[in-house]
Amino acid sequence: MRPVNRGDKPTDSNGDPVDFKEYGGARDDLIKRIGDYCSYCEAPLLAPAVEHIQPKSKEPAVEKTWSNFLLACTYCNSIKGERTVDAGNLNDFFWADTDNTFRAFIYEKDRAPQIDTSLNPLKQQVAHNTLELTGLDREPAHPRLTGKDRRWIKRKEAWGKAETAKANLEQQSTELMRNQIIDTATSTGFWSVWMTVFQDYTDMRHRLIDAFQGTCTACFDQDTQPVQRADGKI
Ligand SMILES: [Zn+2]
Numbered sequence: 118m119r120p121v122n123r124g125d126k127p128t129d130s131n132g133d134p135v136d137f138k139e140y141g142g143a144r145d146d147l148i149k150r151i152g153d154y155c156s157y158c159e160a161p162l163l164a165p166a167v168e169h170i171q172p173k174s175k176e177p178a179v180e181k182t183w184s185n186f187l188l189a190c191t192y193c194n195s196i197k198g199e200r201t202v203d204a205g206n207l208n209d210f211f212w213a214d215t216d217n218t219f220r221a222f223i224y225e226k227d228r229a230p231q232i233d234t235s236l237n238p239l240k241q242q243v244a245h246n247t248l249e250l251t252g253l254d255r256e257p258a259h260p261r262l263t264g265k266d267r268r269w270i271k272r273k274e275a276w277g278k279a280e281t282a283k284a285n286l287e288q289q290s291t292e293l294m295r296n297q298i299i300d301t302a303t304s305t306g307f308w309s310v311w312m313t314v315f316q317d318y319t320d321m322r323h324r325l326i327d328a329f330q331g332t333c334t335a336c337f338d339q340d341t342q343p344v345q346r347a348d349g350k351i
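Take a look at the structure:
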C-alpha cells in the first residue's frame with residue numbers, strides 16, 4: 118500500500134485555508150496531492166471519490182475535515198463501509214497518509230498482499246486488520262470474493278506489465294525505455310506491484326516514488342528501502 122502525503126489543508130487565492138462546504142469539494146485538491154489512485158488497493162480511478170477514513174456516519178464531526186480524506190475505489194470504499202472506524206479504533210489499522218504502509222505488506226505474483234511476517238505480532242495484527250477492512254485479502258480462494266470485485270485481476274495484470282517492462286529494460290537499458298516504463302506504470306497503477314517487481318532496480322524505484330503523485334518520499338531511504346514514518350505506527 119503506497120504511503121502518501123496529503124499535505125496541509127489547501128488554501129484559497131488569499132492564502133486562507135479552504136473551508137469545504139461539501140466533502141466532495143475536496144476531490145480535485147486530493148487528486149492533485151495524492152494522484153488519482155485508490156489509497157487502499159492502488160488501482161487507477163476513473164471516477165475518484167472522496168473517501169472518509171472515519172466514515173461520516175460514525176464520526177460526522179470530521180465529515181468535511183481535510184485530514185480525514187483519502188481517495189478510494191468503489192470496492193474498497195463499500196467493503197470498508199461495512200465496518201466501524203472511529204476515533205476509538207483508528208490505531209487498529211495502518212493508514213496510507215500517516216503510516217509507512219509499504220512496510221506492512223509483501224506483494225507476490227498471483228497473490229493478495231501478504232502480511233510481512235518479520236513485523237512484531239502487534240503490527241502483524243494491525244496489518245491483518247487493514248487487509249480485512251478493505252477486503253484486500255480477497256483473491257479467488259477467498260469465500261467473500263464477488264464476481265464484481267476485479268481488484269485482484271487488475272493487480273495481476275499490473276504484475277504482468279511490470280515483469281514485461283523489467284525484461285524490456287534488461288534488453289534495452291536506455292533513458293527512453295525508463296521513461297516509457299514509468300508512463301506505463303503511472304497509467305496502470307498498483308505502485309506497490311511496480312516497486313516490488315523492480316526491487317533490485319534502485320534508479321527505477323526512485324522514479325516510481327517521484328512519478329506517482331504524492332508518494333511519501335520521507336518513507337524511503339536513499340536506496341529506496343522503506344523506513345519508519347515519523348509519527349507513524351510503522
Ligand atoms: Zn481500491
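Just so you know, we're using our numbering here: the sequence shown kicks off at 118 and counts up by one. Ideal Cβ positions, reconstructed from N, Cα and C, are used throughout, including at glycine.
Proximal residues to residue i (C-beta, below 6 Å), its chain only, five neighbours per side dropped
{"i": "Arg150", "result": "Arg123, Gly124, Gly331"}
{"i": "Ala279", "result": "Val310, Trp311, Val314"}
{"i": "Met321", "result": "Phe315"}
{"i": "Asp203", "result": "Gln171, Lys175, Glu176"}
{"i": "Asn185", "result": "His169, Ile170, Gln171, Val179"}
{"i": "Ile299", "result": "Arg324, Ala328"}
Simplified DSSP state of residue i, which is helix, strand or coil
{"i": "Pro230", "result": "coil"}
{"i": "Glu249", "result": "helix"}
{"i": "Tyr192", "result": "helix"}
{"i": "Ile187", "result": "Note on identity: in this sequence residue 187 is Leu, with Ile being the wrong assignment. Strand at Leu187."}
{"i": "Pro238", "result": "helix"}
{"i": "Phe315", "result": "coil"}
{"i": "Thr218", "result": "helix"}
{"i": "Pro177", "result": "helix"}
{"i": "Thr303", "result": "helix"}
{"i": "Thr332", "result": "strand"}
{"i": "Ile326", "result": "helix"}
{"i": "Ile223", "result": "strand"}
Same chain, Cβ closer than 8 Å to residue i, five either side skipped, listed in chain order
{"i": "Ala308", "result": "In the sequence on display, residue 308 carries Trp and not Ala. Closer than 8 Å at Cβ, skipping near neighbours: Arg119, Tyr154, Glu159, Ala302, Leu325, Phe329, Thr332."}
{"i": "Thr257", "result": "The sequence given here places Pro at residue 257; Thr does not occur at that position. Cβ within range, chain order: Trp269."}
Rounded Cβ spacing between residue i and residue j (contact assumed at less than 8 Å)
{"i": "Ala164", "j": "Ala189", "result": "About 11 Å separates the two Cβ atoms, so there is no contact after all."}
{"i": "Phe210", "j": "Asn237", "result": "That belief does not hold up - the Cβ atoms of Phe210 and Asn237 are roughly 16 Å apart, past 8 Å."}
Bounding residues of the beta strand (DSSP E) (the contiguous stretch that carries residue i)
{"i": "Glu168", "result": "166-169"}
Cβ-based neighbour list, residue i, same chain, cut-off 7 Å, excluding 5 preceding and 5 following
{"i": "Asp254", "result": "Ala229, Leu248"}
{"i": "Gly141", "result": "Val167"}
{"i": "Lys350", "result": "Asn208, Phe211, Asp216, Val243"}
{"i": "Tyr157", "result": "Met118, Ala189, Cys193, Thr251, Leu253"}
{"i": "Asp338", "result": "Val344"}
{"i": "Lys152", "result": "Lys is not the amino acid found at residue 152; the sequence shown has Gly there. Excluding positions up to five away in sequence, the list reads Phe329, Gln330, Gly331."}
Continuous alpha helix (DSSP H) stretch holding residue i: start and end
{"i": "Gly141", "result": "Element bounds for Gly141: n/a, residue is neither H nor E."}
{"i": "Met118", "result": "First-last for Met118: undefined, no H or E at that position."}
{"i": "Gly277", "result": "268-288"}
Could you name the residues, in chain order, whose CB is less than 5 Å away from a heavy atom belonging to ligand 1? Cys155, Tyr157, Cys158, Cys190, Cys193
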